[in-house]
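The block underneath contains the structure these notes are about, expressed in structure tokens.
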Amino acid sequence: MTTVCCPGSFDPITYGHLDIIQRASKQFEHVVVLVTVNKSKKAMFTPEERMVLIRECVHDLPNVTVDHWEGLLVDYTSKHGITAMVKGLRSGLDYEYEKPMAQANSKLTGVETFFLLTSPAYGYISSSIAKEVSLLGGDANGMLPDNVLAALERKRDALT
Ligand code: PNS
1 MTTVCCPGSF DPITYGHLDI IQRASKQFEH VVVLVTVNKS KKAMFTPEER
51 MVLIRECVHD LPNVTVDHWE GLLVDYTSKH GITAMVKGLR SGLDYEYEKP
101 MAQANSKLTG VETFFLLTSP AYGYISSSIA KEVSLLGGDA NGMLPDNVLA
151 ALERKRDALT
């Protein structure tokens, strides 16, 4: 069985992420959505909260599972016999950000990274923009699935 991993912070999952996960699930037998820790970003949701939100979003995709990992990505893929990752590219900026990571991961263990171009409708969406819009009282509908919007609004209300 070909298992691939879709790693990311997912703080929180957006429609852009979901698009990549759905499309990867059509191409590969099993997709693991892996919530990782990005030490350069301050997270709003705990890894457990992010996993719950993702599981709610992918409940209709039987070949998608959700996991969490705090170490090197390549240690997770090696441990689980995963030989490839799938990531989304919105723009050249994403490409420049992703390229050295894909090359470093390949150098470390030979793991491959497949890139899917983000569907045009979601090209402007990021977790950071959606959080900022919602926290400042704007309407992030269209960027985030309903369960995620609701969770973000609960965070916003708790902060105010
Ligand atoms: O959604 P993000 O924050 O852009 O994803 C970040 C991710 C998953 C690519 C990065 O945080 C990551 O790879 N974390 C695991 C630690 C690791 O393996 N670092 C070396 C990457 S070459």
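Residue numbers (the UniProt record's numbering): 1 to 160. The beta-carbon is built from N, C-alpha and C at its ideal position, and this holds for glycine as well. Just so you know, these numbers come straight off a predicted model, no measurement behind them.
Can you give me the start and stop residues for the alpha helix (DSSP H) that residue i sits inside?
{"i": "residue 4", "result": "It is not in any alpha helix (DSSP H) - residue 4 instead sits in the beta strand (DSSP E) that spans 3-8."}
{"i": "residue 18", "result": "15-27"}
For the ligand PNS, any of its heavy atoms closer than 8 Å to the Cβ of residue i?
{"i": "residue 101", "result": "yes"}
{"i": "residue 155", "result": "no"}
{"i": "residue 7", "result": "yes"}
{"i": "residue 10", "result": "yes"}
{"i": "residue 16", "result": "no"}
Along the beta strand (DSSP E) that carries residue i, what are the first and last residues, could you check?
{"i": "residue 53", "result": "Here residue 53 belongs to no beta strand (DSSP E); instead the alpha helix (DSSP H) covers 47-57."}
{"i": "residue 31", "result": "30-36"}
Can you give me the C-alpha to C-alpha distance between residue i and residue j, rounded to a whole angstrom?
{"i": "residue 68", "j": "residue 82", "result": "15 Å"}
{"i": "residue 54", "j": "residue 154", "result": "17 Å"}
{"i": "residue 61", "j": "residue 25", "result": "8 Å"}
{"i": "residue 3", "j": "residue 86", "result": "10 Å"}
Check the DSSP bridge columns for residue i and list the partner residues they point to.
{"i": "residue 66", "result": "33"}
{"i": "residue 144", "result": "141"}
Pick out the complete beta strand (DSSP E) segments inside the segment 69-140, 3 residues or longer, and give them in chain order.
84-89, 112-117
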